[in-house]
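Here the structure is laid out as structure tokens; the discussion comes afterwards.
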Amino acid sequence: MNCPVCGAPVKEGTAFCESCGANLGISKRAAAPAAIVIPKEYKPLGPWAYIGWSLVYSIPIVGFIFLIVNSFRKDNLNRRNYTRSYWCALLIVLILLALTFGIAAATGSMDELMQIFENSFEQAQSGLPY
Ligand SMILES: [Zn+2]
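Per the working numbering, the sequence shown starts with residue 74, numbered consecutively.
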């Protein structure tokens with residue numbers, strides 16, 4: 074075999090040309106990369122963990138306590154971030170509710186709004202089997 078750069082004959086299996094020093098592209102196999110170890114606090118949450126925590130957070134008082142505690146726990150940052158995003162979603166819902174009632178109060182249509190709520194509650198109740 075000849076060096077592709079200078080054309081000098083080179084021995085099979087050598088890494089560099091002895092004449093010009095060109096890299097002949099024959100490198101020893103790279104050492105296997107070390108296994109990636111994810112620190113415990115970055116461990117991903119499975120889909121069931123997200124569903125489970127969502128259900129826990131929707132429990133009236135207990136859920137609220139878990140929401141506060143999990144927002145500050147540092148043992149799993151994915152859970153903490155999900156909990157904080159849950160706060161953001163709650164905040165958006167509260168703002169939308171406040172806007173709805175604010176606009177209704179400002180435009181003097183609060184009675185109509187309450188009527189809509191009452192009607193939907195009655196509808197929901199009449200749909201129940203008891
Ligand atoms: Zn060469």
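Every residue gets a Cβ at the ideal spot worked out from N, C-alpha and C, and that includes glycine. None of the values given here were measured: they were computed from a predicted structure.
Terminal residues of the alpha helix (DSSP H) in which residue i lies
i, result
"Cys161", "150-179"
"Asn192", "183-200"
Where residue i falls, given that 16 or more other Cβ within 10 Å makes a residue buried
i, result
"Trp121", "exposed"
"Trp126", "buried"
"Asn143", "buried"
"Cys161", "exposed"
Which listed residue (the options) has its alpha carbon closest to that of residue i
i, options, result
"Asn96", "Ala107, Val83, Ala108", "Val83"
"Leu140", "Tyr155, Ser182, Asn149", "Tyr155"
"Val78", "Glu85, Met183, Pro106, Cys93", "Cys93"
"Asp148", "Thr173, Ile165, Ile176, Pro112", "Pro112"
Per-residue DSSP class, three states only, for residue i
i, result
"Pro133", "helix"
"Pro77", "coil"
"Pro82", "strand"
Contact belief for residue i with residue j at Cβ below 8 Å, rounded distance in angstroms
i, j, result
"Tyr115", "Leu150", "6 Å"
"Arg153", "Arg146", "6 Å"
"Leu186", "Ala177", "4 Å"
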